[in-house]
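Here the structure is laid out as structure tokens; the discussion comes afterwards.
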Amino acid sequence: MILMQVNNITKRYGAETILSNIKLEIKTNDRIAVVGRNGTGKSTLLKIMSNNLSYDEGTIHKPKDVSVGYLAQNTGLDSKQSIWDEMLLVFEHLIKKENSLRNMEQQMGDPELINDTKAYQQLLFEYDKKQQEFKTEGGYQYEAEIKGVLNGLQFQDYDLTTTINELSGGQKTRLALGKLLLAKPDILILDEPTNHLDIETLTWLEGYLNGYSGAVVIVSHDRYFLDKTVNNIYEISRHQSTKYHGNYSKYLEKKALDYERESKQFDKQQAEIKRLEDFVQKNIVRASTTKRAQSRRKQLEKMEKMDKPSGDEASARFSFQIDKRSGNDVLKLKDLAFSYDNQQDFIFSNLSFDVSRGESIALVGPNGVGKTTLLKTIIGDYKANQGTLQIGTNVQIGYYDQEQTKLNSNKTVLLELWDDYPMMNEKDIRTVLGNFLFSGDDVLKIVSSLSGGEKARLSLAKLMMEKSNLLILDEPTNHLDLDSKEVLEAALIDFPGTILFVSHDRYFINKIATEVVEMQPKETTVYLGDYDYYLEKKQEEYELKELEEASNQTIDETNETKVLFQQEKAVKKESRKRERRITEIEQEIEHIEESVQEIEDLLCQPEVFQDHEKSLELTQKNEDYNATLEKLMEEWEELHSEK
1 MILMQVNNIT KRYGAETILS NIKLEIKTND RIAVVGRNGT GKSTLLKIMS
51 NNLSYDEGTI HKPKDVSVGY LAQNTGLDSK QSIWDEMLLV FEHLIKKENS
101 LRNMEQQMGD PELINDTKAY QQLLFEYDKK QQEFKTEGGY QYEAEIKGVL
151 NGLQFQDYDL TTTINELSGG QKTRLALGKL LLAKPDILIL DEPTNHLDIE
201 TLTWLEGYLN GYSGAVVIVS HDRYFLDKTV NNIYEISRHQ STKYHGNYSK
251 YLEKKALDYE RESKQFDKQQ AEIKRLEDFV QKNIVRASTT KRAQSRRKQL
301 EKMEKMDKPS GDEASARFSF QIDKRSGNDV LKLKDLAFSY DNQQDFIFSN
351 LSFDVSRGES IALVGPNGVG KTTLLKTIIG DYKANQGTLQ IGTNVQIGYY
401 DQEQTKLNSN KTVLLELWDD YPMMNEKDIR TVLGNFLFSG DDVLKIVSSL
451 SGGEKARLSL AKLMMEKSNL LILDEPTNHL DLDSKEVLEA ALIDFPGTIL
501 FVSHDRYFIN KIATEVVEMQ PKETTVYLGD YDYYLEKKQE EYELKELEEA
551 SNQTIDETNE TKVLFQQEKA VKKESRKRER RITEIEQEIE HIEESVQEIE
601 DLLCQPEVFQ DHEKSLELTQ KNEDYNATLE KLMEEWEELH SEK
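Numbering of the sequence shown is given in the UniProt record's numbering, commencing with residue 1 and proceeding in unit increments.
Here it is in structure tokens:
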């Protein structure tokens with residue numbers, strides 16, 4: 001079923017065209033990624049699709065009953081409610097139905113209503129109907145769904161009565177995502193949903209979206225995430241959209257093949273055009289060949305000319321060089337521990353690993369474990385409370401701050417770089433900035449007015465100029481578009497120095513890391529390989545642990561065979577006793593249900609329901625039967641749960 005059709009959408013801001021003739025189709029269970037450079041209009045398109053922004057031309061077709069849920073980039077909940085109460089708002093319609101059912105149950109015990117058989121029967125009918133609707137709509141499981149989503153988003157150990165306004169920006173963003181997931185719209189539109197998520201949460205979200213019953217449209221710079229979740233790609237480039245089938249990796253392959261094929265076809269056609277034009281030019285004036293030349297000219301006029309294939313848009317171009325080579329031992333960390341204000345609760349402790357020249361080490365671990373804190377400790381912004389930190393000979397540290405706090409917000413782009421290198425010519429400074437896509441008047445922009453991606457590129461330009469031999473990078477791919485990430489990867493792969501970095505971008509870790517160091521609050525584990533290798537080893541460790549537990553269990557079983565034999569006899573005896581009781585209860589339930597049915601049949605007879613005394617007596621008897629029935633059912637369920 002087609003849930004939405006976007007036909008020839010055009011959007012302008014003043015004289016500037018952002019989107020032009022955009023086409024996109026969403027079907028049930030589609031998993032769509034919208035990709036493209038920063039500034040190509042991806043977020044604008046999502047706002048238009050979610051009816052949060054108008055458009056200038058084109059049409060959007062969507063059936064009235066199709067619901068759309070939209071999560072804007074870095075949107076956090078702003079609420080005075082508690083975490084739990086805010087999530088409950090999604091299920092207000094079910095809570096109202098639940099309250100209605102409870103009210104109806106109270107009415108059922110009203111003697112006056114019981115005496116009015118017709119009204120009572122109508123109430124029972126309505127109750128049964130509403131209860132079935134409540135069950136079908138998930139009334140008995142919505143609390144479990146809330147807990148499942150909150151656990152997946154790492155709120156399992158959090159006090160759910162905490163007011164949302166007390167939370168951090170990242171936590172508010174995760175809760176906004178959770179609330180939208182619980183609402184289950186037919187079309188789920190997510191703009192950068194992976195921001196503020198650690199790797200464990202990302203893995204959970206991938207699984208959740210893969211099992212989602214509706215369609216999903218995503219803008220994300222997380223290539224690993226896109227590979228795991230989407231089956232269609234719409235690329236926005238030069239204001240236009242192009243569709244590709246498959247995940248992100250397949251899109252890259254298909255795009256490269258399409259460009260190569262189109263280039264060959266274009267070159268072939270250009271050669272054919274030249275051949276025909278040469279023939280016409282040489283033969284049009286000769287009487288013997290003029291007819292053939294005229295025929296070729298008509299052929300040229302009728303030919304549908306191909307446009308030259310558009311290659312990739314301008315990319316940043318840079319590489320990291322070093323001033324001098326460091327010693328072989330770059331960093332040595334031994335039993336390092338850190339806490340704020342010398343408190344007893346350490347952010348991390350017992351942290352030990354070495355960094356040698358030429359290595360590229362990824363720090364991974366859950367949010368809050370202190371990865372950024374460790375980096376700031378290494379560069380000297382913080383001081384460790386325990387342990388030793390040794391920096392090797394000739395080590396020059398270059399630091400990339402994910403928050404870009406080292407940038408001066410009041411300077412222009414040009415002066416932000418030039419003030420650090422006043423002896424360089426302006427032309428050379430502009431050339432460097434041009435390599436990072438700051439051209440013309442872009443270099444006169446005030447830093448505070450830059451987008452996240454522009455600030456990231458400026459920070460990388462400053463880092464490149466330092467020519468440090470140890471790069472310490474904190475989330476370097478945040479804010480970068482997909483193309484800029486690939487350029488950064490290429491530069492880091494060719495870097496002749498040493499790299500220590502924190503990243504949630506698993507694709508990036510796979511490309512760059514030669515080692516993965518997993519940080520936990522009280523230990524670190526080193527894995528000699530990339531991210532996929534790290535996952536394999538973690539799985540092996542998990543399986544070995546299970547085998548060890550199974551082996552220990554086998555030994556214990558062997559040692560306790562006699563005890564277990566006696567226990568098994570006792571269990572079997574108890575089981576037989578339980579089965580006999582279950583049979584007795586089922587017979588009692590059957591007998592009571594027959595009695596209840598007989599009384600209900602009697603209550604429908606005019607001579608009975610007109611006799612209020614008799615009717616009340618039978619109704620009371622039925623209530624007693626139902627009370628007994630409820631107790632028997634509870635006992636029956638309890639006995640079954642003990643099986």
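Even glycine gets a Cβ: it sits at the ideal position worked out from N, Cα and C.
Collapsed DSSP secondary structure at residue i in the structure displayed
{"i": "Thr405", "result": "coil"}
{"i": "Asp65", "result": "coil"}
{"i": "Ala215", "result": "strand"}
{"i": "Ala513", "result": "coil"}
{"i": "Gly139", "result": "coil"}
{"i": "Val12", "result": "Residue identity check: residue 12 is Arg in the sequence provided, not Val. Of the three classes helix, strand and coil, the one that applies to Arg12 here is strand, per DSSP."}
{"i": "Asn232", "result": "strand"}
{"i": "Tyr533", "result": "helix"}
{"i": "Tyr259", "result": "helix"}
{"i": "Met87", "result": "helix"}
{"i": "Val280", "result": "helix"}
{"i": "Val6", "result": "strand"}
{"i": "Ser595", "result": "helix"}
{"i": "Gln240", "result": "strand"}
{"i": "Thr377", "result": "helix"}
{"i": "Thr163", "result": "strand"}
{"i": "Ala290", "result": "The sequence given here places Thr at residue 290; Ala does not occur at that position. Thr290: helix per DSSP, three-state reduction."}
{"i": "Gln344", "result": "coil"}
{"i": "residue 651", "result": "The chain is shown only over 1 to 643; residue 651 falls outside these bounds and no answer can be derived."}
{"i": "Tyr542", "result": "helix"}
{"i": "Asp157", "result": "coil"}
{"i": "Gly170", "result": "helix"}
Span of the alpha helix (DSSP H) around residue i
{"i": "Phe348", "result": "Per DSSP, Phe348 belongs to no alpha helix (DSSP H); it is in the beta strand (DSSP E), Phe348 to Ser356."}
{"i": "Met633", "result": "His612 to Ser641"}
{"i": "Lys184", "result": "Premise fails: Lys184 is in no alpha helix (DSSP H) and is neither H nor E."}
{"i": "Met108", "result": "Glu92 to Met108"}
{"i": "Ile446", "result": "Run containing Ile446: none; DSSP gives neither H nor E here."}
{"i": "Ile429", "result": "Glu426 to Asn435"}
{"i": "Thr48", "result": "First, the residue type needs correcting, since residue 48 is Ile and not Thr in the sequence shown. Note, Ile48: alpha helix (DSSP H), Lys42 to Met49."}
{"i": "Ile397", "result": "Unbroken run through Ile397 is the beta strand (DSSP E), Ile397 to Tyr400; no alpha helix (DSSP H)."}
{"i": "Ser459", "result": "Gly452 to Glu466"}
{"i": "Gln484", "result": "Here the sequence assigns Ser to residue 484, which means Gln is not the residue at that position. Residues Leu482 to Ile493."}
{"i": "Leu415", "result": "Val413 to Trp418"}
{"i": "Tyr421", "result": "Segment: none, Tyr421 is in no alpha helix (DSSP H) and carries neither H nor E."}
{"i": "Glu206", "result": "Ile199 to Asn210"}
Counterpart residues of residue i in DSSP-defined beta bridges
{"i": "Glu518", "result": "Val364 and Thr525"}
{"i": "Asp78", "result": "The partner list for Asp78 (beta bridge, DSSP) is empty, contrary to what the question assumes."}
{"i": "Asp191", "result": "Val219"}
{"i": "Phe501", "result": "Ala362 and Leu473"}
{"i": "Gln115", "result": "In the sequence as displayed, the identity of residue 115 is Asn instead of Gln. Per DSSP, none; premise fails for Asn115."}
{"i": "Tyr70", "result": "Ile189"}
{"i": "Ile60", "result": "Val6"}
{"i": "His245", "result": "Asn232"}
For residue j and residue i, believed in contact at Cβ under 8 Å, the rounded distance
{"i": "Val413", "j": "Val443", "result": "5 Å"}
{"i": "Ser360", "j": "Thr524", "result": "The pair is not a contact, with the Cβ atoms about 17 Å apart (cut-off 8 Å)."}
{"i": "Val217", "j": "Val35", "result": "Contact doesn't hold; Cβ gap of about 12 Å is too wide."}
{"i": "Ala183", "j": "Val90", "result": "5 Å"}
{"i": "Gly453", "j": "Asn38", "result": "4 Å"}
{"i": "Leu492", "j": "Phe320", "result": "7 Å"}
{"i": "Tyr70", "j": "Leu46", "result": "7 Å"}
{"i": "Val149", "j": "Gly178", "result": "5 Å"}
Extent of the continuous beta strand (DSSP E) to which residue i belongs
{"i": "Phe609", "result": "Premise fails: Phe609 lies in the alpha helix (DSSP H), Pro606 to Phe609, not in any beta strand (DSSP E)."}
{"i": "Arg31", "result": "Arg31 to Val35"}
{"i": "Lys23", "result": "Glu16 to Lys27"}
{"i": "Leu389", "result": "Gln386 to Ile391"}
Could you name each continuous beta strand (DSSP E) segment of 3 residues or more that falls completely within the stretch 292-340, going from the start of the chain to the end?
List check, beta strand (DSSP E) in window: 329-338.
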